[in-house]
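The structure appears right after this line, and notes come after that.
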Amino acid sequence: MAGTDPIKQFDIKEIFSFGTIGGDETGAGGFDLVFTNSSLFMVISVTLISAYLILTTRGRGLVPSRLQLVSEIFYEFIANMIRTSAGTEGMKFFPFVFSLFSFILVTNVLGLFPYFISVTSQLIIPVALALLVMSVVIIYGIYKNGFGFLKLFVPSGIPIIVLFIVVPIEILSFLSRPLSLSLRLFGNMLAGAIVVKVFAGFVVSLSAFGLVGIIGAILPFGMTVALTALEFLVAALQAFVFTILTCVYLNDAIHPGH
Amino acid sequence: MAGLNNNKQSDNETPISETDSLAERIARAKSKRVGQEAAQRIRRNEMTGAGRAFRMVSEFISAIIVGAVIGLTLDAVFSTRPIFLIVLLLLGFAAGVLNVVRATAQINAATPLPDPKDLVPVDKDDED
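Residue numbers (my numbering), protein chains in the order written: chain V, 808 to 1065; chain H, 520 to 647.
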C-alpha cells in the first residue's frame, strides 16, 4: 500500500534548524526553531504574491496590461468588500485584509498541487491567523472606543434583568469567533486534501488487479478529477469567507454597540 | 443579439455620452462604488449550499466547545466539578443559536429580494 496513505501528505519534515531555545544541555524541554516544509511553502506563497503584485504594477500603465488588470481586480474586490461590510473607515485595514486574503488564497491553491504541502490544513496556521484577526479587533476596538468597546456585549434596548443572561451569551458568542473562523478554514482544507487523496489511492489499489481493475479504476479517477476542480472552488471560497468575516468583525471594532 | 442588449441597457440607465460633464460621471462612479449593487454582486456568489451549511455548523459547534472549555476550567479552579460546566454549556448552546441566527440574518440581508417586475410576466421576456 505504498503511497496511498491519505495522512502522509501532512507530514512536517525538517529542512534545517535554527537551533534550540531554552531547555537543558541536550535540548530536551526546549523550544525548537526549525524551518520545515510548511515554512518553505509559506515563504514561497509570500514570495509569489509579492513578486506578482510588484512586477505587474511596476509599469503603472494608465491602460492596464492583462497582468496588471488582475492585480487591479484583486484590489477592487477587497476594497469593495471592506467598504460594504465595514464602511469607508474600514479602509485603513486594507493592507491587513488584503494580505490575509492573498496569503490564504495562494496557500490554499498551492496545496492542491501534487507533492506540495497544504499549509492551511495544519491547524496552527488558521488558528494563528484567526487569533491575529481577533487581537486586531480587540486592540483597535479598545484603542478607538475605550470602554465603549464593551457596548458590543450589551445590546441596546433590553431590560436590565435580562442583561444578566444576555451579556454572558454575547461574551461566549464573541469568544467562539476565533474558533469557528479557524476551524472552518482548517476543516475544509483538511477534508478536501484527504478526500482527493483517498480517491486517488483507489486508482492505485484497483489497478493492481489486472485488466478488470484498470477498467474499474476509471471511476475513482473521474472522481479525483471532479473533486480537484471542486477543491479549487473551495480554496477560493474559504479565502473569501475568512476575509469577509474578518471585515464583519473589524466592523464591530469600528462601530461597537450595534 | 448585441443590438438587443444595447436597447435593454439604455432602458435601465442613461448612456454615458461624451458631452456629459466629468463631475457628473465621477459622481456616478462614486455612487456605484458605495452602492448596494456592489455589495450584492459580491455576496450573491458568496456561498454554495454546502459552504453555507458548514458555516452554520462551525458557528454553532464552536460556541458550545468554548462554553464547555471555560466551564471545565472554572470547575478545575474552584473544584466545583459539574456546576460551571453545566451552566456554561447551556450558555454555550444559547450563544451557538445566537451565532446561527446572526449568520442567517447576514446571508438573508445579502440576498436581494426578487424584483416585483420579475414576478409578473412581461412581453419582452416572450421574445427569448
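All C-beta atoms in this analysis are idealised placements derived from N, C-alpha and C, irrespective of residue type, glycine included.
The beta carbon of ALA614 of chain H sits closer than 8 Å to some beta carbon of chain V.
Using a CB distance cut-off of 8 Å, ILE584 of chain H counts as an interface residue toward chain V. A direct Cα-Cα distance of roughly 28 Å separates LEU862 of chain V from ILE932 of chain V.
Put simply, the CB of ARG547 of chain H is far from chain V, with every gap to its CB atoms at 8 Å or more. Under the DSSP definition of a beta bridge, GLY826 of chain V partners with V:LEU840. Taking 4 residues as the minimum length, the alpha helix (DSSP H) runs contained wholly in the segment 866-902 of chain V are 873-893, in order along the chain. GLU1038 of chain V is bridged by DSSP to nothing; it lacks a bridge partner. When DSSP reads this structure, GLU821 of chain V sits in a beta bridge with V:THR843. At a beta-carbon threshold of 9 Å, none of the residues of chain V lie near GLY590 of chain H; the nearest stands roughly 10 Å away. With contacts defined by Cβ atoms closer than 8 Å, ILE885 of chain V and PHE900 of chain V do not form a contacting pair. For PRO871 of chain V, the nearest beta carbon of chain H is not closer than 8 Å to its own beta carbon.
Under the three-pair Cβ rule at 8 Å, the segment 1042-1056 of chain V does not count as touching the segment 874-881 of chain V. Looking at the backbone, the Cα of SER906 of chain V and that of VAL913 of chain V are separated by about 11 Å.
For VAL961 of chain V, the secondary structure class from DSSP, reduced to helix, strand or coil, is coil. Taking ASP1059 of chain V as the centre and dropping the five residues before and after it, the same chain places the C-beta of VAL944, GLY948, LEU959, HIS1065 closer than 8 Å to its C-beta, in chain order. Taking C-beta separations shorter than 7 Å and ignoring five residues to either side along the sequence, the partners of ASN952 of chain V in its chain run PRO1063, following chain order. Going by DSSP, GLY955 of chain V is part of no alpha helix (DSSP H) at all; its letter is neither H nor E.
Residue state for LEU930 of chain V is assigned as coil, using DSSP reduced to three classes. Separation of the CB atoms of PHE573 of chain H and ASN995 of chain V is rounded to 7 Å, and the pair is thereby assigned contact status at 8 Å. SER581 of chain H has a beta carbon lying within less than 8 Å of a beta carbon in chain V. The criterion of a C-beta distance shorter than 8 Å is satisfied by PHE838 of chain V and THR827 of chain V.
In the three-state scheme derived from DSSP, where H, G and I count as helix and E and B as strand, PHE923 of chain V is classed as coil. Contact annotation: PHE923 of chain V and LEU917 of chain V have beta-carbon atoms nearer than 8 Å.
For the 8 Å CB-CB criterion, LEU847 of chain V and ILE822 of chain V form a contact.
PHE1006 of chain V is a Cβ neighbour of MET1030 of chain V, given a cutoff of 8 Å. Less than 8 Å separates the beta-carbon of ALA937 of chain V from that of PRO985 of chain V. Spanning the alpha carbons of ALA1036 of chain V and PRO813 of chain V requires a straight line of approximately 19 Å. Residue burial annotation: ARG544 of chain H is exposed, with fewer than 16 other C-beta atoms found within 10 angstroms of its C-beta. Under the 8 Å criterion on CB atoms, ARG574 of chain H is classed as interfacial with respect to chain V. Between the segment 582-595 of chain H and the segment 973-982 of chain V there are three or more C-beta pairs closer than 8 Å, enough to call the two in contact. ALA1024 of chain V sits in coil when the DSSP states are folded into three classes, being neither helix nor strand.
Proximity of LEU874 of chain V to chain H, defined by a Cβ-Cβ separation below 8 Å, is not satisfied.
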